[in-house]
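Asker: Residue numbers (the numbering used here): 160 to 476.
Glycine included, each C-beta is placed from N, C-alpha and C at the ideal position.
Keep in mind that this is a model prediction, so the values were computed, not measured.
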Ligand SMILES: [Zn+2]
Ligand SMILES: [Zn+2]
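This is the structure:
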């Protein structure tokens, strides 16, 4: 199935979940390319059980189509801002009972994805005003929406900064990982205790990687990567050393470890908004049940994954 087909399936499924009656809304969901609004990969997505429970599993891998599930997508994980859940926003937009030619003000338009959907519904003779308090998001929305030909051609669309709401006020995020740790602060350290750290912010993803590099770095069967916001890391004792390597995709990966005992602590790709904490270094043992297993083609014989594990033979994207 190509991306157009995936988007159509997404639109119909979201339409059913939100009991949408506005015909133009399903069509708009099938047209507007979410990937152009949420910014470049990696996309940090998570389902939210607001209206449509477990809809997130209706599409199979590959994860390149993960944006077309009923997921929120992180825009700024540190500040907890996201591109909201499609079924919820579809429900809200549907309740306005919009039609062609109407005028709409969208307060808290974020990066403009749902603004573009509203613009599609009201059509060429409609008018949409997007308001966003955050200057950075407003700039992204202005940029995103200026590239929408049907908007630039016909609808008048202005993005201004107003002191009202921001995008994060629409949907409140829930932590992805339901372990017993207070979600906003995790502590960890190396084996000898010379280096200690804390990470704040919700965990975004949890991977278990069976690739050869991870077997080497962990000196064990696999690597555990808890993906967290980069800005949330704080070294609280000692100073790690850093060893760098090039990844297959050509990025430079900085790997932090204790200079005394050698425990690997975290990995970060330069200029990335996230980093990967090496799971075994956390004080509170992780619950690995929700983990996504990758590079299972290199998995050591004898490892048995739980039923219904999300797994990929190689990279997930
Ligand atoms: Zn150490
Ligand atoms: Zn790996």
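Roughly how many angstroms separate the alpha carbons of residue 425 and residue 278, rounded to a whole number?
Answerer: Roughly 43 Å separates the two Cα atoms.
Asker: When we look at the beta-carbon of residue 452 and count the other beta-carbons within 10 Å, is it buried (16 or more) or exposed?
Answerer: With 16 or more Cβ atoms within 10 Å of its Cβ, residue 452 is classed as buried.
Asker: Would residue 114 and residue 204 qualify as a contact pair, given that the criterion is a beta-carbon distance under 8 Å?
Answerer: The first residue shown for the chain is 160 and the last is 476, placing residue 114 beyond what the model contains.
Asker: For residue 362 versus residue 387, is the C-beta spacing smaller than 8 Å?
Answerer: A contact, by the Cβ cut-off of 8 Å.
Asker: Count the CB pairs spanning the region 367-381 and the region 445-463 that are closer than 8 Å, and state whether there are at least three.
Answerer: As far as the Cβ criterion goes, the region 367-381 touches the region 445-463, which means the pair count is three or higher.
Asker: Can you check which of these residues, 280, 190, 169 and 378, is closest to residue 230 by C-alpha distance?
Answerer: Answer by Cα proximity: 169.
Asker: Give a yes or no on contact between the region 179-193 and the region 271-285, applying the rule of three or more CB pairs nearer than 8 Å.
Answerer: Yes, the region 179-193 is in contact with the region 271-285.
Asker: Using beta-carbon positions only, say whether residue 241 and residue 272 come within less than 8 Å of one another.
Answerer: Against a cut-off of 8 Å, the Cβ pair of residue 272 and residue 241 comes out as no contact.
Asker: From what residue to what residue does the alpha helix (DSSP H) around residue 274 run?
Answerer: Where residue 274 is concerned, the enclosing alpha helix (DSSP H) stretches over 272-281.
Asker: With a threshold of 8 Å on Cβ separation, who are the neighbours of residue 403 within its own chain once the five nearest residues in sequence on each side are excluded?
Answerer: Result list for residue 403: 411, 412, 413 and 414, in chain order.
Asker: Can you tell me the Cβ-Cβ gap for residue 191 and residue 276, rounded? I've got them flagged as a contact below 8 Å.
Answerer: 5 Å between Cβ atoms; contact.
Asker: Residue 382: beta carbon under 7 Å from a heavy atom of ligand 2?
Answerer: Residue 382 Cβ: within cutoff of ligand 2.
Asker: Report buried or exposed for residue 437, applying the criterion of at least 16 other Cβ atoms within 10 angstroms of its Cβ.
Answerer: Residue 437 is buried by the Cβ-count criterion.
Asker: I'd like to check one pair, residue 270 with residue 299: are the Cβ atoms closer than 8 Å?
Answerer: Contact flag set, yes.
Asker: In its own chain, which residues sit with a C-beta less than 6 Å from the C-beta of residue 194, not counting the 5 before and 5 after it?
Answerer: So the list reads 226, once near-sequence residues are dropped.
Asker: According to the neighbour-count rule (16 or more other Cβ atoms, all chains shown, within 10 Å of its Cβ), is residue 351 buried or exposed?
Answerer: Under this definition residue 351 is an exposed residue.
Asker: Using DSSP with H/G/I as helix, E/B as strand and the rest coil, what is residue 391?
Answerer: Note: residue 391 maps to helix in three-state DSSP.
Asker: Pick out every residue whose C-beta is nearer than 5 Å to a heavy atom of ligand 1: which are they, in chain order?
Answerer: In chain order, the hits are 349, 351, 353, 417, 419 and 420.
Asker: Counting C-beta neighbours from all protein chains within 10 Å, is the total for residue 325 16 or more, i.e. buried, or is it exposed?
Answerer: Reliability fails at residue 325, whose pLDDT of 34 lies under 50, so the model's placement of it is uncertain and the value that follows must be treated cautiously. Buried is the call here.
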